[in-house]
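In my numbering, the protein residues as written are 1 to 288.
Structure first, commentary second.
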Ligand SMILES: Nc1nc2c(ncn2[C@@H]2O[C@H](COP(=O)(O)OP(=O)(O)OP(=O)(O)O)[C@@H](O)[C@H]2O)c(=O)[nH]1
Ligand SMILES: [Mg+2]
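Structure representation (C-alpha cells):
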C-alpha cells in the first residue's frame with residue numbers, strides 16, 4: 001500500500017485543526033458506515049476526543065443489514081455509548097440524532113441554565129472520508145450548506161452550520177489514521193469508497209470483494225451475476241462477473257478492468273445486497 005497516498009499531507013493538517021477546534025465544541029458526533037462500523041471508525045478518535053461527550057451515528061444504514069445494525073446499536077449502548085442509526089440521504093433517524101446530541105450536551109446545558117443562560121450546543125462532526133458527514137449536516141440543517149460527493153476528500157476545511165438557535169454543527173474533512181496494519185480493514189475501506197480508488201489495484205480489490213460477498217450473501221451474488229455460482233473456483237470469480245455481463249474482449253478474454261469497475265459501482269450503490277461486513281462479536285474478539 002502506498003503510504004503517501006494513504007495518509008495525504010492535508011490530513012495531518014486537518015488533524016491539527018480538529019485539535020484546535022476542540023476548545024470550541026461541546027459534543028463530538030462520530031459518523032461511521034453501518035456496513036463496517038469497526039473498519040470505518042478511526043481508532044485515533046478515542047484519544048483525540050477522550051475529554052468530550054460523544055455520539056456514534058451509523059450512517060448509510062439503508063445499505064446495511066438491518067439486524068446487524070441493530071446488533072451494533074445494542075453493543076454500543078451496552079457500553080454506555082450514545083448511538084443511533086441514520087440514513088442521511090433520506091431523513092431516517094434525524095430527530096433521534098438531534099435528541100442524542102442534546103443528551104450528550106445535557107449536563108453543560110443544565111449548568112448554563114442555572115446561570116440563566118440558554119446554551120448553544122456546538123457539535124463537531126467527524127469521521128473517515130466518504131461516510132456521509134456533510135450529507136448528514138445538510139440533512140439536519142434542512143438545506144445544502146456543506147459540499148457533498150461520492151468520493152473521499154470532498155470537504156477540505158472547517159465549516160459551521162446553524163441548525164437551530166441553540167444547535168450548531170461543525171463539518172470536518174474525513175480523517176484516516178496514519179498507519180494501517182490491518183489489511184482486511186483497509187480493503188473494506190476501499191470497498192466502501194473511503195480510500196481513493198487509485199491506492200489499491202482495482203481488479204484485485206474487486207476479487208477480494210467477491211470473496212467476501214460469497215461468504216456473506218452467496219445467493220444474492222448469483223442472482224445478480226448468473227455465471228457466478230457456488231461451483232465457480234475462487235480464482236475465476238471476477239471472470240464470472242465479466243461473463244455474466246458479456247464483458248469480453250476480442251479472443252474471448254474477460255474484460256476484468258470493466259468488470260471490476262461495474263462490480264464496485266453496483267456494490268457501493270447497494271444493488272447486490274444490503275450487507276454488513278462486521279459483527280460486534282468479531283470486533284470484541286479482535287480487541288482481546
Ligand atoms: N445510500 C446512502 N448514501 C449516502 C448516505 N449518506 C451519504 N451518502 C452518500 O455518500 C457519499 C459521500 O457523502 P459525503 O457527505 O460527501 O461524505 P463526507 O463524509 O462528507 O466525505 P468527505 O468530505 O470526503 O470526508 C455521497 O455520494 C452521499 O450521497 C446514506 O445514508 N445512504
Ligand atoms: Mg464532507
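Built from N, CA and C at the ideal position, the CB exists for glycine as well.
C-beta contact flag for residue i and residue j at 8 Å
{"i": "residue 137", "j": "residue 161", "result": "yes"}
{"i": "residue 29", "j": "residue 57", "result": "yes"}
{"i": "residue 268", "j": "residue 39", "result": "no"}
{"i": "residue 35", "j": "residue 277", "result": "yes"}
{"i": "residue 209", "j": "residue 221", "result": "no"}
{"i": "residue 123", "j": "residue 26", "result": "yes"}
{"i": "residue 109", "j": "residue 170", "result": "no"}
{"i": "residue 259", "j": "residue 249", "result": "no"}
{"i": "residue 227", "j": "residue 243", "result": "yes"}
{"i": "residue 86", "j": "residue 61", "result": "yes"}
{"i": "residue 164", "j": "residue 148", "result": "no"}
{"i": "residue 301", "j": "residue 230", "result": "This structure leaves residue 301 out entirely; the chain is present only between 1 and 288."}
{"i": "residue 280", "j": "residue 71", "result": "yes"}
{"i": "residue 274", "j": "residue 24", "result": "no"}
Buried/exposed call for residue i, threshold 16 Cβ in 10 Å
{"i": "residue 224", "result": "buried"}
{"i": "residue 65", "result": "buried"}
{"i": "residue 152", "result": "buried"}
{"i": "residue 194", "result": "buried"}
{"i": "residue 104", "result": "buried"}
{"i": "residue 69", "result": "buried"}
{"i": "residue 113", "result": "exposed"}
{"i": "residue 67", "result": "exposed"}
{"i": "residue 272", "result": "buried"}
{"i": "residue 201", "result": "exposed"}
{"i": "residue 4", "result": "Caution applies to residue 4, whose pLDDT of 40 falls short of 50 and renders its modelled position unreliable; the value that the coordinates give is listed next. With fewer than 16 Cβ atoms within 10 Å of its Cβ, residue 4 is classed as exposed."}
{"i": "residue 168", "result": "buried"}
{"i": "residue 43", "result": "exposed"}
{"i": "residue 15", "result": "buried"}
{"i": "residue 140", "result": "buried"}
{"i": "residue 50", "result": "exposed"}
{"i": "residue 1", "result": "Note that residue 1 has pLDDT 46, beneath the 50 cutoff, so the model's placement of it is unreliable and the number below is only indicative. By the neighbour-count rule (16 or more Cβ atoms within 10 Å), residue 1 is not buried but exposed."}
{"i": "residue 22", "result": "exposed"}
Simplified DSSP state of residue i, which is helix, strand or coil
{"i": "residue 33", "result": "strand"}
{"i": "residue 56", "result": "strand"}
{"i": "residue 64", "result": "coil"}
{"i": "residue 38", "result": "coil"}
{"i": "residue 84", "result": "strand"}
{"i": "residue 22", "result": "helix"}
{"i": "residue 269", "result": "coil"}
{"i": "residue 104", "result": "helix"}
{"i": "residue 98", "result": "helix"}
{"i": "residue 27", "result": "strand"}
{"i": "residue 122", "result": "strand"}
{"i": "residue 254", "result": "strand"}
{"i": "residue 2", "result": "In this prediction, residue 2 has a pLDDT of 44, which is less than 50 and means its spatial position is unreliable; nothing more can be read from the coordinates."}
{"i": "residue 117", "result": "coil"}
{"i": "residue 321", "result": "Outside the modelled stretch of the chain, which goes from 1 to 288, sits residue 321, for which no answer is possible."}
Residue i beta carbon near ligand 3 (any heavy atom closer than 7 Å)
{"i": "residue 133", "result": "Judged by which ligands are present, ligand 3 is missing from the structure shown, whose ligands are ligand 1 and ligand 2."}
Query - Sufficient close CB pairs (3 or more, under 8 Å) joining the segment 52–69 to the segment 17–32 - result: yes
Query raised in the report: Okay, do the segment 110–127 and the segment 82–96 touch, 3+ Cβ pairs below 8 Å being the bar?
Result: no
Report task. Taking only runs that begin and end inside the segment 141–219, name each unbroken alpha helix (DSSP H) of 4 or more residues, in chain order. Result -> 183–191 and 202–216
Query raised in the report: Is there contact between the segment 125–132 and the segment 172–185, where contact requires at least three CB pairs shorter than 8 Å?
Result: yes
Query raised in the report: Quick one: any contact between the segment 254–273 and the segment 233–246, if contact means 3 or more CB pairs under 8 Å?
Result: yes
Report task. Would you be able to state if there are at least three C-beta pairs under 8 Å between the segment 257–264 and the segment 189–203? Result -> yes
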